[in-house]
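Novice: In full-length UniProt numbering, the protein residues as written are 1 to 327. Following this message is one structure expressed as structure tokens.
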């Protein structure tokens, strides 16, 4: 069993337990503590001995919180370079790849990526004496083919990176126009690649995001703007979005005083197919010819959809039943 967590604010600690004798475990669990992000990995290793090896993954000079971390998919050992890797992002504007079984500190930190904040039309002036203001990175996700990862944060831009070269492939964002909403206009707090990407090629580039602008947005990491949106959830944490692969449902949790905090959304496969039928390949990027975007003419924004179910919640009531909504 491998336990990885952020203690206090700025470092990751790892503790290896080999205690699984009677039961083989292969499960990933993540949760938050009041002091940071925690991740628990239960491995399939069996051992009759109980070991207790503890070490920290601490970057020199890092003083700000680790806001999110994700294990890099190994694909059953097909990509050796991805074995035992963790992607961690920090509000200091750094994304780091850690080899959590490295024997020495120098071998544990494999790469550090720095993101500078990009100004948007809706931004208020930033009060700082620094020449370069760093982007506060709040969330990250790794593609299920182990080839890319994406980060999101305060500056509303999503950065897609190549896992092997650590090079930024492209920047995905809103057009920042009044005519349509094709990206986030407030901070991005959650990013999730679609788990069907581990099996189906059509989904390997698809990821979803959520943030303070009360939207869930669907993206293809080869295209500059979001494909369509779901309006409503006020996402404030990287654990507030999830995708249930079998039913292809999106689960969201909102920060608000409302009876509908938890909502279920149907991932629209028809719109995804429509996007791929309209898209044109330009190298490793996709583009949409003018006039063929997925647009709702009445609202001037990308496709809106209602949740298929909501889980009402009241501070003074006990657990309540799921209410299904008419579509």
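Cβ coordinates follow ideal geometry from the N, Cα and C atoms, glycine included.
1) What are the boundary residues of the beta strand (DSSP E) that residue 242 is part of?
2) To test your reading of the DSSP string, which unbroken beta strand (DSSP E) runs of 3 or more residues are found completely within the UniProt repeat "WD" (181–220)?
3) Three-state secondary structure (DSSP) at residue 272?
4) Excluding sequence positions up to five away, which residues of its chain have a Cβ less than 7 Å from the Cβ of residue 192?
5) Flag this pair as yes or no: are the beta carbons of residue 162 and residue 118 separated by less than 9 Å?
6) Name the DSSP beta bridge partners of residue 266, please?
7) Which residue from 171, 248, 216 puts its Cα closest to that of residue 267?
8) Taking the C-alpha atoms as reference points, what is the distance between residue 109 and residue 166?
9) Where does residue 108 sit, in a helix, a strand or coil, going by DSSP?
10) Just reading off the beta strand (DSSP E) that residue 149 is part of, what are its end residues?
11) Assuming residue 285 is part of the beta strand (DSSP E), what are its boundary residues?
12) Are there 16 or more other CB atoms within 10 angstroms of the CB of residue 307, so buried, or fewer, so exposed?
13) Would residue 116 pass as a contact of residue 94 if the rule is Cβ separation under 9 Å?
14) Thinking residue 211 and residue 186 are a contact (beta carbons under 8 Å), I'd like their distance in whole angstroms, please.
15) For residue 300, I'd like the list of residues in its chain whose CB is within less than 7 Å of its CB, leaving aside the five on either flank, ordered along the chain.
16) By a C-beta neighbour count over all protein chains shown, 10 Å radius and 16 as the cutoff for buried, is residue 203 buried or exposed?
17) In the DSSP output, which residue or residues are listed as bridge partners for residue 312?
18) Assign residue 60 to one of two classes, buried (16 or more other C-beta atoms within 10 Å of its C-beta) or exposed (fewer than that).
19) Using the Cα positions of residue 253 and residue 96, report the straight-line distance between them to the nearest angstrom.
20) First and last residue of the beta strand (DSSP E) that includes residue 71?
21) Do you know offhand how far residue 86's Cα is from residue 134's?
22) Within 10 angstroms of its Cβ, does residue 36 collect 16 or more other Cβ (buried), or is it exposed?
Specialist: Checking against the coordinates, here is how it stands:
1) For residue 242, the uninterrupted beta strand (DSSP E) segment begins and ends at 241–244.
2) You should have 188–193, 206–211, 215–220.
3) It is helical.
4) Short of 7 Å from the beta carbon of residue 192, and not among the five residues preceding or following it, lie these beta carbons of its own chain, in chain order: 141, 207, 208, 241, 242, 243.
5) No, these two residues do not count as a Cβ contact at 9 Å.
6) Residue pairing by DSSP puts residue 266 in a beta bridge opposite 249.
7) Of 171, 248, 216, the residue nearest in Cα terms is 248.
8) Our two residues, residue 109 and residue 166, have alpha carbons roughly 13 Å apart in a direct line.
9) Here DSSP, grouped into helix, strand and coil, assigns residue 108 to helix.
10) Looking at the DSSP string, the run of the beta strand (DSSP E) that includes residue 149 is 148–153.
11) Taken as a continuous stretch (DSSP letters only), the beta strand (DSSP E) holding residue 285 covers 285–287.
12) Taking every protein chain shown into account, the CB of residue 307 has 16 or more other CB atoms within 10 angstroms, so this residue is buried.
13) In this structure, residue 94 does not lie closer than 9 Å to residue 116 by Cβ.
14) At roughly 6 Å, the Cβ-Cβ gap stays under 8 Å, so residue 211 and residue 186 are in contact.
15) Caution applies to residue 300, whose pLDDT of 41 falls short of 50 and renders its modelled position unreliable; the model cannot decide the point.
16) Flag for residue 203 reads buried.
17) Per DSSP, 260.
18) Per the 10 Å Cβ criterion, exposed.
19) Rounded to whole angstroms, residue 253 to residue 96 spans 27 Å at the Cα level.
20) First-last of the beta strand (DSSP E) with residue 71: 66–71.
21) So the two alpha carbons sit approximately 22 Å from each other.
22) Low confidence applies here, because residue 36 scores a pLDDT of 32, under 50, leaving its location unreliable; read the following figure in that light. When all chains shown are included, residue 36 counts as buried.
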